[in-house]
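What follows is a short report on a single structure.
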Amino acid sequence: MAEDVDGEILANTSRCPVEMALVDNRVCVDRWEGSLVERLASGEVRGWSPFYPVDGHEASVRAVSRPGVVPQGYISGEQAQRACQASGKRLCAADEWERACRGPNRTRFPYGDERKSRVCNDDIRRAHPVVEVALRLGIPDDRRWSDGMNQPLINQLPDSLFETGMRAECTNEYGVFDMVGNLHEWIEDRDGTFRGGFYMDTSLNGEGCSYQTTAHDFRYHDYSTGFRCCMDPDRVE
Numbered sequence: 001m002a003e004d005v006d007g008e009i010l011a012n013t014s015r016c017p018v019e020m021a022l023v024d025n026r027v028c029v030d031r032w033e034g035s036l037v038e039r040l041a042s043g044e045v046r047g048w049s050p051f052y053p054v055d056g057h058e059a060s061v062r063a064v065s066r067p068g069v070v071p072q073g074y075i076s077g078e079q080a081q082r083a084c085q086a087s088g089k090r091l092c093a094a095d096e097w098e099r100a101c102r103g104p105n106r107t108r109f110p111y112g113d114e115r116k117s118r119v120c121n122d123d124i125r126r127a128h129p130v131v132e133v134a135l136r137l138g139i140p141d142d143r144r145w146s147d148g149m150n151q152p153l154i155n156q157l158p159d160s161l162f163e164t165g166m167r168a169e170c171t172n173e174y175g176v177f178d179m180v181g182n183l184h185e186w187i188e189d190r191d192g193t194f195r196g197g198f199y200m201d202t203s204l205n206g207e208g209c210s211y212q213t214t215a216h217d218f219r220y221h222d223y224s225t226g227f228r229c230c231m232d233p234d235r236v237e
């Protein structure tokens, strides 16, 4: 069993780890967007700050899926893939991710076919966070979108990134949270694709669960890029 952010018990199956949901009886999907823990040389394991890239530390971090924590932004597809693999998981295939997002009723959003305000974290913030941080830090306009996209302050602004599961209704019958909004989520595509939109946009590149961005290399990261992991369920004879 696993607990949601309100302490309620979520149904699970022994075919998946407790932090994962069984989708269509074919794939285990993390219930919450991924965060990272780091294993130090001493063997101690501690949380990795979700506001900093993992560049240069890829070999020491692994993915975890937990409710009520700030998920990891600033991560590339390659780094997310490696972090999932370090936990015995993998990035989700496109069809796996979309099935989990749409739920068993195959709706446009996790919660239904019609967009609803303030159900997911996708319509609270008005000012663009990169612009706001660039102004605070004195980053020139011509360098805003190159130097400003990985600033740790961005996802610490008010009304920006939410803790996992904070939008308790942004889910479906599978019990997966935040698949629309909050952070983009990398999927398994070496050419580079992330899904679901983020807290500033869930419609520009498709509505809700159809949202996908293909403009960036698999090695790209910025404040808006996150992930969740999948894995094959255990065989039950």
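Letter by letter, the sequence shown follows residues 1 to 237 of the UniProt record's numbering. Beta carbons: idealized from backbone N, C-alpha and C, even for Gly.
Check	Outcome
Taking just the CA atoms, how far does S42 sit from R106?	47 Å
Is the beta carbon of C229 less than 7 Å from the beta carbon of C84?	yes
What three-state label does DSSP hand L137 in the structure shown?	helix
With DSSP as the reference, please indicate the residues paired to C28 in a beta bridge.	L22 and M231
Can you give me the C-alpha to C-alpha distance between V236 and C28, rounded to a whole angstrom?	Interpretation of V236 is limited by its pLDDT of 37, a score under 50 that renders its predicted location unreliable; the figure taken from the coordinates is listed afterwards. Each residue's Cα considered, the two are about 14 Å apart.
Please go through the same chain and pick out, in chain order, the residues whose beta-carbon is closer than 8 Å to the beta-carbon of C48, but skip the five residues on each side of it.	In the sequence as presented, Cys is not what sits at residue 48; that position holds Trp. Excluding positions up to five away in sequence, the list reads S35, L36, V37, E38, V54, H57, V61 and Q72.
Looking at the strands, I want to know which residues DSSP matches up with S35.	V64
Kindly identify the DSSP beta-bridge partner or partners of R46.	E38
Can you give the Cα-Cα distance for V189 and H221, rounded to whole angstroms?	The residue asked about is misnamed: residue 189 is Asp in this sequence, not Val. Each residue's Cα considered, the two are about 15 Å apart.
Need the endpoints of the beta strand (DSSP E) that E185 sits in, please.	H184 to W186
Measure how close the beta-carbons of T225 and F177 come, nearest whole angstrom, since I'm counting them as under 8 Å.	About 18 Å; that fails the 8 Å criterion.
Excluding the five sequence neighbours on either side, which residues of its own chain have a C-beta within less than 6 Å of the C-beta of F218, listed in chain order?	G77, E78, R190 and G192
What did DSSP end up calling D95 once you bin it into helix, strand or coil?	helix
Does W186 pass the burial test, meaning 16 or more other C-beta atoms within 10 Å, or should it be called exposed?	buried
Taking 6 Å as the limit between beta carbons, can you name the residues of its chain near S210, skipping five residues before and five after?	none
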